[in-house]
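Some notes on the structure that comes next.
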Amino acid sequence: MKIAVLVKQVPGSESVLPINEGQSWINEDPVTFVMNPPDNFALEEALLIKERKGEGEVVVVSMGPNRVQKVIREGLAKGGDRGIHIEEDEPIETDPLLIAKRFAAVLKDENFDLVLTGLQSDDTGMGQTGVLLGEILGMPTATLAIETDIQGESIRLKRELESGWFQWVQFPLPASVSIQSGLNTPRYPSLKGIMGAKKKEIKTVLGSELDASSRSQSIDKVFVSQTSKQTEVIDGDVDVAVQRIAEILRSEIKVV
Amino acid sequence: MNILVVLEDNQGSLHRLSREAVAGAQKLGGSVTALAIGKNAGSLASELSSYELEEILTVEHDLLSSYSADGYSEVVTQVIQSKSPKTIVVGHTYQTRDFMPRVSAKLDIPFIPDIISLSDEGFVKQVLNAKLNASVSSESDQMILSFQSAAFNDEEMITGSSTITTFDVELDVSSVRSTSEEPFQEAAGDVDLENAELLVSVGRGIEKEENVHLAFDLAEVIGAEVSASRPVVDSGWVDSFRQVGSSGHNVAPKLYFSLGVSGAIQHVVGMKGSKNIIAINKDPEAPIFELSDYAIVGDVLEIVPKLIEALKN
Ligand SMILES: Cc1cc2nc3c(=O)[nH]c(=O)nc-3n(C[C@H](O)[C@H](O)[C@H](O)COP(=O)(O)OP(=O)(O)OC[C@H]3O[C@@H](n4cnc5c(N)ncnc54)[C@H](O)[C@@H]3O)c2cc1C
Ligand SMILES: Nc1ncnc2c1ncn2[C@@H]1O[C@H](COP(=O)(O)O)[C@@H](O)[C@H]1O
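Those protein sequence lines, which keep their order, are chains A and B. One rule links them: number in our numbering = place in the first sequence (from 1) + 306. One rule links them: number in our numbering = place in the second sequence (from 1) + 764.
Here is the structure:
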């Protein structure tokens, strides 16, 4: 069972996000980067599938500038067998088709049985990379999987639908599946894992050499959204704030 | 035709986001054709018969009796190839996330997803966990767009007339590789969130499982129920039947009091109808403040215990 898992590096949810000078994206200098939280679940699921099978290989794949090697190492420390880094000069590539074509170019000759991706990236939030990649590689695809079950040459998945509905689907491997957050409890790397990861192989390939298609969509500008609602902002001293909230609850919304 | 709207079947009726997608397509301007797929195609089409559409195409086939990503992406691909629309529009739903990227890859047409509004500069979507907005554009001749819930108002759909035409597709058994079982619902909890009058909603800003009791304590003092954001549920800190948002409940209480919730669109779509919104968040720029009546900038771990004391006195 050969599994590729795609993990992206994104700004952490607590990080400052200053807009850059050209307003084209954020200035990354003060940003703290983490593994895209949904991808943690995909990685964990890949490791669990391999462990349940008792054999196989989990390959951790990430695209981005040099810094993304950190999330690949993190994946290797948790139990991934080797890594592939698709180097991308731009701080962020925002065209999902181009991203998927580049992933496809690296993955196609490796003959993976399963490609796992996260639900969505926290930075650009395109929610489509795994499905695009599956189609390009000629694989069946599914999204929002909350349970996986390998049955011989096929995979059975419980998918989340809207409004609390679920559905089981099954299709033959190889396949590309995007994992819904929360289906497992991602592990922490052990000390032994961290030490061991240093010796594992990370192959680096240059994105622009994989596919030179031109960009089909781009993020041109980022900005803070404007509010139209009347909001009372309560800032400052905690005790004053507490008194004000109590008063709102008692006399304005009248719930106590 | 300029614009093709692909409709979604929600248990026999049109998905609300498909109606909004029609309204959005009409706003974009030009002639709009709608496409209904599957065994309910006829009734979906008739729901739109009194709106201004160039045509409503219906596609039925044995292999389309239930949804599959293979089947639906193939149908939409064949319709696009035959009709060459400039723009393909859908609601941003779980189903379109599942198959529209396949169409995008098959035809090499960019898919700009999750659009919340249109601006002069392009299509606006949220990025960086809703902390910023971005305008996205494409120079491609054709593009696929998906509209987030409430990007357009379905009450603004333009009425008029349309004709319903069947469209023939070629599908063979080998093109649908998946088999799917009947959809089902899991046992719900004994909490009726959707009818709760008051909600205290807990987000990842509560920081640790040990702190979650603060939400329950505050809820008890004001007589509210507790709801939660998805990450809090995913971490196992709160039961999943308490989740609010696009993959949880839709709520509209008299008071929605959020503690450490950032206000990502998937959360907001489930609670924006609340009458009064109070939010505590330590980040003054948190998007939840944009729709709050009262924005309390501060640390929930500091404020909530004191607030509980103050309310008890
Ligand atoms: C298809 C899909 C479906 C989804 N469905 C849902 C859904 O149904 N419901 C849902 O909620 N989400 C859903 N999500 C996830 C959603 O995108 C967000 O990730 C999620 O809502 C964020 O939850 P949060 O606000 O609790 O956490 P975060 O975004 O991490 O926000 C935590 C907030 O707490 C603040 N904070 C931190 N510490 C403190 C403190 N001590 N005091 C005060 N404030 C503090 C931070 O400033 C931050 O704003 C879905 C996503 C996708 C892609
Ligand atoms: N640059 C990247 N590096 C690694 N994985 C990625 C990258 N971009 C997208 N992915 C994967 O695709 C999923 C969906 O991303 P997106 O389509 O951007 O929302 C993510 O959760 C990752 O698993």
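Ideal Cβ placement from N, Cα and C applies to all residues, glycine included. It should be emphasised that the depicted structure is a prediction, and the values quoted were computed from it without experimental measurement.
Please classify residue 807 (chain B): does DSSP put it in a helix, a strand, or coil? In the second sequence, counting from the first residue as 1, residue 807 (chain B) sits at position 43. Three-state result, residue 807 (chain B): helix.
So is residue 797 (chain B) in contact with chain A if we call contact Cβ pairs under 8 Å? Working through the second sequence from its first residue, we reach residue 797 (chain B) at position 33. No, no contact with chain A.
Sequence-distant residues of its chain with Cβ nearer than 6 Å to residue 440 (chain A) (five each side left out): On the first sequence, residue 440 (chain A) is found 134 positions in, with the first residue counted as 1. Excluding positions up to five away in sequence, the list reads 447, 482.
Helix, strand or coil, according to DSSP, for residue 491 (chain A) in the structure here? In the first sequence, the residue the question calls residue 491 (chain A) occupies position 185. The answer is coil: DSSP assigns residue 491 (chain A) none of H, G, I, E or B.
With three or more beta-carbon pairs closer than 8 Å as the criterion, would you say the segment 924-942 of chain B touches the segment 991-1000 of chain B? no
If I'm right that residue 773 (chain B) touches residue 804 (chain B) with Cβ under 8 Å, what's the distance once you round it to whole angstroms? To locate residue 773 (chain B), count along the second sequence from 1; it is residue 9. To locate residue 804 (chain B), count along the second sequence from 1; it is residue 40. With a Cβ gap of about 5 Å, residue 773 (chain B) and residue 804 (chain B) count as contacting.
Taking residue 891 (chain B) as the reference, give the member of B:877, B:904, B:903, B:885 with the closest Cα. Numbered from 1 along the second sequence, position 127 holds the residue referred to as residue 891 (chain B). The option with the nearest alpha carbon to residue 891 (chain B) is B:877.
I want to see whether chain A comes within less than 8 Å of residue 1066 (chain B), judged by CB atoms only; does it? In the second sequence, the residue the question calls residue 1066 (chain B) occupies position 302. True, the Cβ-Cβ gap to chain A drops below 8 Å.
Let's test the definition: count the other Cβ atoms within 10 Å of the Cβ of residue 783 (chain B) and tell me whether it reaches 16, buried, or not, exposed. On the second sequence, residue 783 (chain B) is found 19 positions in, with the first residue counted as 1. Buried is the call here.
Can you tell me which residues form a DSSP beta bridge with residue 478 (chain A)? As a first step, residue 478 (chain A) is located in the first sequence; it is residue number 172 there, counting from the start. Per DSSP, A:460.
Whole alpha helix (DSSP H) runs in the segment 994-1044 of chain B with 4 or more residues, listed along the chain? 994-998, 1029-1032
Could you compute how far the alpha carbon of residue 976 (chain B) sits from the alpha carbon of residue 769 (chain B)? The sequence position of residue 976 (chain B) within the second sequence is 212, counting from 1. The sequence position of residue 769 (chain B) within the second sequence is 5, counting from 1. Between residue 976 (chain B) and residue 769 (chain B), the C-alpha separation is close to 44 Å.
Residue 945 (chain B), DSSP secondary structure in three states: As a working note, residue 945 (chain B) is residue 181 in the second sequence. Reduced to three states, the DSSP call for residue 945 (chain B) is coil.
Near-chain B residues of the segment 519-540 of chain A - C-beta to any C-beta below 7 Å: 522, 523, 524, 525, 526, 527, 528, 529, 530, 531, 533, 535, 537, 538, 539, 540
Closer than 8 Å at the beta carbon, the chain E residues around residue 428 (chain A): Going by chain labels, chain E is absent from the structure shown, which instead holds the protein chains A and B.
Taking the straight line between their C-alpha atoms, what separation do you get for residue 498 (chain A) and residue 381 (chain A)? Position 192 of the first sequence, counted from the first residue, corresponds to residue 498 (chain A). Position 75 of the first sequence, counted from the first residue, corresponds to residue 381 (chain A). Answer to the nearest angstrom: the Cα atoms are 13 Å apart.
Could you confirm whether any beta carbon from chain B is found closer than 8 Å to the beta carbon of residue 472 (chain A)? The sequence position of residue 472 (chain A) within the first sequence is 166, counting from 1. Yes, residue 472 (chain A) lies at the interface with chain B (some Cβ there is under 8 Å from its Cβ).
Quick check on residue 561 (chain A): does DSSP put it in helix, strand or coil? In the first sequence, residue 561 (chain A) corresponds to position 255, counting from 1. Note: residue 561 (chain A) maps to coil in three-state DSSP.
Straight-line gap, residue 562 (chain A) to residue 555 (chain A) (C-alpha atoms, nearest Å): Translated into the one-based positions of the first sequence, residue 562 (chain A) becomes position 256. Translated into the one-based positions of the first sequence, residue 555 (chain A) becomes position 249. When rounded, the distance between both Cα atoms is 6 Å.
Residue 922 (chain B), buried or exposed, once every other Cβ within 10 Å from all chains shown has been counted against 16: Taking the first residue of the second sequence as 1, we reach residue 922 (chain B) at position 158. The residue in question, residue 922 (chain B), is exposed, as its Cβ has fewer than 16 Cβ neighbours within 10 Å.
Please list, in chain order, the chain A residues whose beta carbon lies closer than 7 Å to that of residue 941 (chain B). Locating residue 941 (chain B) in the second sequence gives position 177, where the first residue counts as 1. 446, 477, 478, listed in chain order.
Anything in the segment 847-874 of chain B with a Cβ closer than 9 Å to a Cβ of chain A? List those residues in chain order, please. 856, 857, 858, 859, 861, 862, 863, 864, 865, 866, 867, 868, 869, 870, 872, 873, 874
Please list the terminal residues of the continuous beta strand (DSSP E) segment that includes residue 522 (chain A). One-based indexing of the first sequence puts residue 522 (chain A) at position 216. Residue 522 (chain A) -> no beta strand (DSSP E), and no H or E assigned at all.
In the DSSP output, which residue or residues are listed as bridge partners for residue 315 (chain A)? Working through the first sequence from its first residue, we reach residue 315 (chain A) at position 9. A:341.
Would residue 539 (chain A) be called buried (16 or more neighbouring beta carbons within 10 Å of its own) or exposed? As a working note, residue 539 (chain A) is residue 233 in the first sequence. Residue 539 (chain A) comes out exposed.
So is the beta-carbon of residue 788 (chain B) under 7 Å away from any non-hydrogen atom of ligand 1? Stepping through the second sequence from its first residue, residue 788 (chain B) is reached at position 24. The answer is no for residue 788 (chain B).
Going by DSSP in three states, residue 865 (chain B) sits in which element: helix, strand or coil? By one-based count along the second sequence, residue 865 (chain B) stands at place 101. Correct three-state label for residue 865 (chain B): helix.
Quick check on the DSSP output: the alpha helix (DSSP H) that includes residue 834 (chain B) runs from which residue to which? On the second sequence, position 70 is the one that residue 834 (chain B) refers to. Its alpha helix (DSSP H) spans residues 833-847.
With DSSP as the reference, please indicate the residues paired to residue 928 (chain B) in a beta bridge. As a position in the second sequence, residue 928 (chain B) is number 164, starting the count at 1. Answer is B:820, bridged to residue 928 (chain B).
What's the gap between the Cα of residue 623 (chain A) and the Cα of residue 1063 (chain B)? Outside the displayed range of chain A (307 to 562) lies residue 623 (chain A), so it cannot be described from this structure.
When you compare each of B:986, B:961, B:997 to residue 973 (chain B) by their alpha carbons, which one comes out closest? Along the second sequence, one-based indexing puts residue 973 (chain B) at 209. Comparing Cα positions, the closest option is B:997.
Is there a C-beta anywhere in chain B that falls below 8 Å from the one on residue 449 (chain A)? Against the first sequence, residue 449 (chain A) aligns to sequence position 143. Closer than 8 Å to some Cβ of chain B, the Cβ of residue 449 (chain A) qualifies, so yes.
On the DSSP letters alone, give me the boundaries of the beta strand (DSSP E) that residue 369 (chain A) sits inside. As a position in the first sequence, residue 369 (chain A) is number 63, starting the count at 1. Residue 369 (chain A) -> beta strand (DSSP E) spans 363-370.
Residue 399 (chain A) classed as buried or exposed, judged by whether at least 16 other C-beta atoms fall within 10 angstroms: Working through the first sequence from its first residue, we reach residue 399 (chain A) at position 93. That one is buried.
Whole angstroms are fine: how far does the CA of residue 468 (chain A) sit from the CA of residue 495 (chain A)? Walking along the first sequence from the start, residue 495 (chain A) turns up at place 189. Walking along the first sequence from the start, residue 468 (chain A) turns up at place 162. Going from the Cα of residue 495 (chain A) to the Cα of residue 468 (chain A) covers about 34 Å.
Rounded to whole angstroms, what is the Cα-Cα separation between residue 846 (chain B) and residue 902 (chain B)? The residue labelled residue 846 (chain B) in the question sits at position 82 within the second sequence. The residue labelled residue 902 (chain B) in the question sits at position 138 within the second sequence. Distance between the alpha carbons of residue 846 (chain B) and residue 902 (chain B) is about 22 Å.
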